[in-house]
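As structure tokens, the structure follows; a few thoughts come after it.
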Amino acid sequence: MQTVTLSFFRFESFEKRLWVIGQMTANALGMHHMPKAKFWKMFGSGTGQGFTPKPNWNVWAILSVWPDEETARKQTVDSPIYARWHRIADESYTVLLSPTSARGKWDMKEPFEAQKAEPDMRPIAALTRATVKFWKAERFWGREPAISNAIGKDANVKFKIGIGEVPFVQQVTFSVWPDSKTMDAFARAEGPHAKAIEAVRAEGWFKEELYARFRILGTVGKWEGKDPIGAAIAEAAPAPEPKPLPVTEAPKPAAAPAKPAFQPQGKPGKPGRRENA
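For the sequence shown, this note's numbering gives the first residue as 5, with consecutive numbering after it.
Following this line, the structure appears as structure tokens:
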């Protein structure tokens, strides 16, 4: 079963940030290879809620598509690129995902193979990726502050981040929600997000776009000292059914002691007569 991983890395020092910028440059020049990944990308991130054009030089990410979960878990630890990033980073966090729906293209490819979704899937992850037309970028980013404010205030969002391949024009958003109902309610509610979607359609802001949803298979590592998505998984897990109490039969009353057999008692006898010899 195809497994997608999205790994986040935090680099605190100036020297480490220079190192990761060098890694991104080498990747852009085609110097990096990940043979077992069917598709993979490296990203920078934005400040604030992550959905801004202003870069966050501390946080970077790698998305990869693997043939199965076992390969995904092994390669995101042992493959040369991941091993280097884990070794240098101050913190790392990987989310393992199974696609349940996908529409659109990414670099003219369809990287995600949708699996059958569970009827009541909880929590749920959503990823959007778009290449913004350069001459529409100003209008696109003009909508950002209101959308960031709305998503930042939504208590239903368990995790959120904005990342990008190319600053300003190639953007990805990733978010985790309790279930599809809460996610759809945010997307369709009257407000800045719905208005932005209308503008995207009416004015043709995107050159290419992709929308995908995922079942969350698990997480590895910590982010800001905790496991926010793991906590959402635990929160959504159904309470265990109470174990049935063992059936104990009521003790039977002790049997009454048996009465002795009836023995007739004679009248008190008189002294017998002595027989003559």
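From the three backbone atoms N, C-alpha and C, an ideal C-beta is built for every residue, glycine too.
The model shown is predicted, which means the values in this text are computed figures rather than measured ones.
Tyr215 and Glu16 have their alpha carbons spaced roughly 32 Å apart. With fewer than 16 other beta carbons inside 10 angstroms of its own, Ala32 counts as exposed. Here Arg88 is exposed. Its C-beta has fewer than 16 other C-beta atoms within 10 Å. At the C-beta level, Glu142 and Lys45 stay beyond 8 Å of one another. Tyr97 is bridged by DSSP to Phe12 and Gly225. By the 16-neighbour rule on beta-carbons within 10 angstroms, Gly50 is buried.
Of all alpha-carbon atoms in Ala129, Asn160, Pro84 and Arg77, the one lying nearest the alpha-carbon of Thr104 is that of Ala129.
The criterion of a C-beta distance shorter than 8 Å is not satisfied by Lys109 and Val69. For the options Lys40, Val136, Ile165 and Thr29, the alpha carbon positioned closest to that of Phe13 is the one of Ile165.
The beta-carbon separation of Lys211 and Lys137, rounded to 5 Å, stays under the 8 Å limit for a contact. Counting along the chain, Thr132 sits inside the beta strand (DSSP E) bounded by residues Ile128 to Val136. Taking C-alpha positions only, Val161 is separated from Ile237 by approximately 13 Å.
For the 8 Å CB-CB criterion, Tyr97 and Trp181 do not form a contact.
Residue environment analysis places Leu22 among the exposed positions, since fewer than 16 neighbouring C-beta atoms fall within 10 angstroms of its C-beta. Excluding five sequence positions before and after Leu100, the CB atoms of its chain that fall closer than 8 Å to its own CB belong to Thr7, Val8, Thr9, Glu73, Ala76, Arg77, Ile220, Leu221, Gly222, Thr223 and Val224, given in chain order. Take Asp124, set aside five residues on each side of it, and the residues of its chain with a beta-carbon closer than 8 Å to its own are Asp183, in chain order. With contacts defined as CB atoms closer than 8 Å, Pro171 and Pro39 fail to qualify as a contacting pair. In terms of CA proximity to Trp139, Val173 leads the group Pro232, Phe190, Val173 and Lys185.
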